[in-house]
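See below for the structure under consideration.
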Amino acid sequence: MRSAAPIGNRSAWRRRRHGAPRHDRQTRMTRKLGIGAKLTLGFGALAGVTLLVVALAFVAGRRVTADIDLTEGVRRPASLASTQAQASLLRMQLHVRGYLVLSDPQDIEQYHDARRSFEASLASLQAMANTWPEADAAAWVNALTDTYRRWAELPPQLFELHDNPLKNRPALRLARVEVQSRRVSILDEISSIIELQKARAVSTANRELLADMIGFQTSFDAMATNLMAYGASGELSFKLAYGPQLATNAVHWNALAAKRAQFNAEQRVMLEAIARQRAEIAELALQIVAILNGERAYEDLYLYRTQVGPQAQTLINLLAKLTDLQQTQLGSGLARARDSLGTARLAAGAGGVLAIAVAVAMVFLFRRHIVAPVHRLTGVAERVAAGNLSARAAVESHDEIGVLATSINTMTQRLSDTIAHLESVFEQAQRARDAAEVAN
Numbered sequence: 003m004r005s006a007a008p009i010g011n012r013s014a015w016r017r018r019r020h021g022a023p024r025h026d027r028q029t030r031m032t033r034k035l036g037i038g039a040k041l042t043l044g045f046g047a048l049a050g051v052t053l054l055v056v057a058l059a060f061v062a063g064r065r066v067t068a069d070i071d072l073t074e075g076v077r078r079p080a081s082l083a084s085t086q087a088q089a090s091l092l093r094m095q096l097h098v099r100g101y102l103v104l105s106d107p108q109d110i111e112q113y114h115d116a117r118r119s120f121e122a123s124l125a126s127l128q129a130m131a132n133t134w135p136e137a138d139a140a141a142w143v144n145a146l147t148d149t150y151r152r153w154a155e156l157p158p159q160l161f162e163l164h165d166n167p168l169k170n171r172p173a174l175r176l177a178r179v180e181v182q183s184r185r186v187s188i189l190d191e192i193s194s195i196i197e198l199q200k201a202r203a204v205s206t207a208n209r210e211l212l213a214d215m216i217g218f219q220t221s222f223d224a225m226a227t228n229l230m231a232y233g234a235s236g237e238l239s240f241k242l243a244y245g246p247q248l249a250t251n252a253v254h255w256n257a258l259a260a261k262r263a264q265f266n267a268e269q270r271v272m273l274e275a276i277a278r279q280r281a282e283i284a285e286l287a288l289q290i291v292a293i294l295n296g297e298r299a300y301e302d303l304y305l306y307r308t309q310v311g312p313q314a315q316t317l318i319n320l321l322a323k324l325t326d327l328q329q330t331q332l333g334s335g336l337a338r339a340r341d342s343l344g345t346a347r348l349a350a351g352a353g354g355v356l357a358i359a360v361a362v363a364m365v366f367l368f369r370r371h372i373v374a375p376v377h378r379l380t381g382v383a384e385r386v387a388a389g390n391l392s393a394r395a396a397v398e399s400h401d402e403i404g405v406l407a408t409s410i411n412t413m414t415q416r417l418s419d420t421i422a423h424l425e426s427v428f429e430q431a432q433r434a435r436d437a438a439e440v441a442n
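Counting with our numbering, you get residues 3 to 442 for the letters of the sequence shown.
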């Protein structure tokens with residue numbers, strides 16, 4: 003039966019079979035290094051940690067610089083340009099409306115000032131759009147440019163329409179041109195008929211017919227005047243006055259038509275011309291009423307409502323999208339810069355802690371592997387100097403301290419051997435002297 007190995011031998015056998023523990027291997031590896039290598043390794047580790055901290059700070063600084071450059075060079079100017087363009091467009095709209103309402107020439111001058119400011123901001127956006135990383139933003143700038151190109155043609159048309167009342171107000175043009183010409187013609191015709199009637203023989207029938215002619219002339223003049231006034235102003239009072247005059251004129255016209263046989267041939271020709279033009283005035287009256295009750299009483303306002311306003315709103319919406327995008331990206335860039343600064347501070351703090359840890363570890367290791375062995379070696383040297391030649395230094399490593407310990411041990415051993423030899427020689431000499439004295 004195999005006897006059990008002693009505990010110490012068992013541990014040694016286990017180390018031989020499985021190898022020394024990692025701590026022991028690291029300790030032996032450290033002991034094999036020289037003092038210069040240990041110092042180089044320690045200070046190299048400290049320098050490496052310092053370089054790591056510097057590299058992290060440099061990377062974080064570059065990231066912060068890139069975010070700040072993007073914010074300063076792209077986001078802020080783009081946001082400012084889009085905001086200024088939006089304000090200029092609103093001023094343009096304001097002065098267009100102001101001129102349509104007040105007809106103040108200063109509104110046109112201020113409109114052109116705002117237009118030039120808008121076009122300068124738009125040019126800035128076009129120049130910056132190629133540098134934006136967002137494709138949608140560049141597409142919005144292109145759409146903004148195309149829409150503005152179409153919209154810019156409208157305000158001059160509005161100003162031209164507003165300065166030309168006959169072109170701007172269809173009802174006024176019908177009243178002053180179409181109705182007025184027919185009114186003058188009918189009044190001339192009825193005046194000629196009356197003059198011819200006055201030249202005819204005096205009779206009761208002729209006097210009654212003359213009275214109907216004069217009544218028709220008076221009521222028609224009043225009717226046409228109210229119709230023209232209504233077409234020129236759109237005032238409801240003229241429209242209300244036109245209705246009764248139209249009814250009165252119709253009564254006189256029906257009376258004249260009933261007595262048509264009493265007219266001579268020349269008067270009947272004139273009466274037919276009056277009938278034709280009177281029917282045309284009635285048709286024109288319906289057109290005037292329809293225009294004034296419809297959307298196109300004022301062409302400039304109609305053009306503003308249907309084209310200028312909606313297209314301007316499209317421009318405002320595009321500018322608002324651009325402004326929101328750039329302001330959002332501006333905020334994101336600043337947030338990224340803050341995060342990068344926080345990361346840099348965290349990296350610097352972590353690097354500082356790591357550097358302190360490395361320094362503390364270096365102090366511990368240097369104290370353990372350099373200071374303590376030197377201190378112990380100094381103690382052995384002091385004991386040898388005091389005469390204890392049996393003192394021996396423990397050889398703890400293979401570095402310069404281990405070499406010095408080996409050298410001290412060798413020197414001490416040699417010194418001890420020399421002293422022992424001298425003592426032996428001295429003892430032999432003493433015995434020889436004693437023997438000589440006894441012989442004499």
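Beta carbons are placed, not taken as given, at the ideal position from N, Cα and C, and that holds for glycine. In this text, all values refer to a predicted model and were calculated from it rather than measured experimentally.
Collapsed DSSP secondary structure at residue i in the structure displayed
i	result
Gly-296	coil
Ser-119	helix
Asp-109	helix
Gly-311	helix
Thr-250	helix
Glu-301	helix
Ser-81	helix
Phe-265	coil
Asn-132	coil
Gly-137	In the sequence as presented, Gly is not what sits at residue 137; that position holds Ala. In this structure, Ala-137 counts as helix in the three-state DSSP scheme.
Ala-439	Ala is not the amino acid found at residue 439; the sequence shown has Glu there. In the structure shown, Glu-439 sits in a helix (DSSP, three-state: H, G or I).
Ala-154	coil
Residue i, buried or exposed, once every other Cβ within 10 Å from all chains shown has been counted against 16
i	result
Arg-184	buried
Phe-45	exposed
Glu-425	exposed
Ile-421	exposed
Asn-266	exposed
Thr-414	buried
His-423	exposed
Ala-441	exposed
Arg-4	At Arg-4 the pLDDT is 42, less than 50, meaning the model places this residue with poor confidence and gives no usable figure here.
Ala-287	buried
Ser-105	exposed
Pro-157	buried
Ile-358	exposed
Ala-14	Only weak support exists for where Ala-14 lies, its pLDDT of 45 falling under 50; the coordinates are left without a value.
Ala-131	buried
Ala-352	exposed
Leu-124	buried
Asn-251	buried
Val-186	exposed
Ser-84	buried
Nearest-angstrom Cβ-Cβ length linking residue i and residue j, presumed shorter than 8 Å
i	j	result
Leu-211	Gln-219	Not a contact, Cβ separation roughly 13 Å.
Ile-195	Met-215	6 Å
Met-230	Ala-177	4 Å
Gln-128	Thr-149	Contact flag wrong, Cβ pair sits at about 13 Å.
Leu-160	Val-98	6 Å
Ile-410	Val-376	Going by Cβ atoms, the distance from Ile-410 to Val-376 rounds to 12 Å, so no, they are not a contact pair.
Ala-458	Trp-142	Residue coverage of the chain in this structure runs from 3 to 442, which leaves residue 458 outside it and unanswerable.
Tyr-300	Arg-171	6 Å
Arg-78	Gln-331	Contact doesn't hold; Cβ gap of about 10 Å is too wide.
Leu-379	Leu-406	6 Å
His-164	Tyr-101	7 Å
Ala-207	Gln-264	6 Å
Phe-120	Leu-91	6 Å
Other residues of its chain near residue i: CB distance less than 8 Å, five sequence neighbours each side excluded
i	result
Tyr-304	Glu-297, Arg-298
Gln-88	Ile-318, Leu-321, Ala-322, Thr-325
Ile-290	Ala-173, Leu-176, Ala-177, Val-181, Leu-229, Tyr-232, Gly-233
Gln-269	Ile-195, Leu-198, Gln-199
Ser-81	Thr-325, Gln-328, Gln-329, Leu-332
Sequence-distant residues of its chain with Cβ nearer than 6 Å to residue i (five each side left out)
i	result
Ile-192	Gln-219
Val-382	Ala-393, Ala-395
Gln-248	Note on identity: in this sequence residue 248 is Leu, with Gln being the wrong assignment. The answer, listed in chain order, is Met-225.
Leu-302	Per the sequence shown, residue 302 should be read as Asp rather than Leu. Counting only Cβ-Cβ distances below 6 Å, and skipping sequence neighbours, we find Leu-102, Leu-160, Leu-163, His-164, Asn-170.
Close Cβ partners of residue i (< 7 Å) along its chain, the five nearest in sequence each way excluded
i	result
Asp-223	Leu-189
His-254	Asp-214, Gly-217, Phe-218, Ser-221
Thr-408	Val-397
Pro-167	Leu-174
Met-272	Glu-191, Ser-194, Ile-195
Arg-340	none
Heavy atom of the ligand FAD within 7 Å of residue i beta-carbon
i	result
Tyr-306	Absence of the ligand FAD from the depicted structure is noted, as is the absence of any ligand whatsoever, leaving it without description.
CB contact check: residue i to chain D, cutoff 8 Å
i	result
Arg-385	Looking for chain D here will not work: only one protein chain is present.
Fully enclosed by the segment 161-244, which alpha helix (DSSP H) runs are 4 residues long or longer? DSSP runs (the alpha helix (DSSP H)) wholly in the segment 161-244: 167-170, 172-175, 182-200, 206-235.
Enumerate, from N- to C-terminal direction, the unbroken beta strand (DSSP E) stretches of 3 or more residues contained entirely within the segment 365-406. Complete beta strand (DSSP E) runs here, min 3: none at all.
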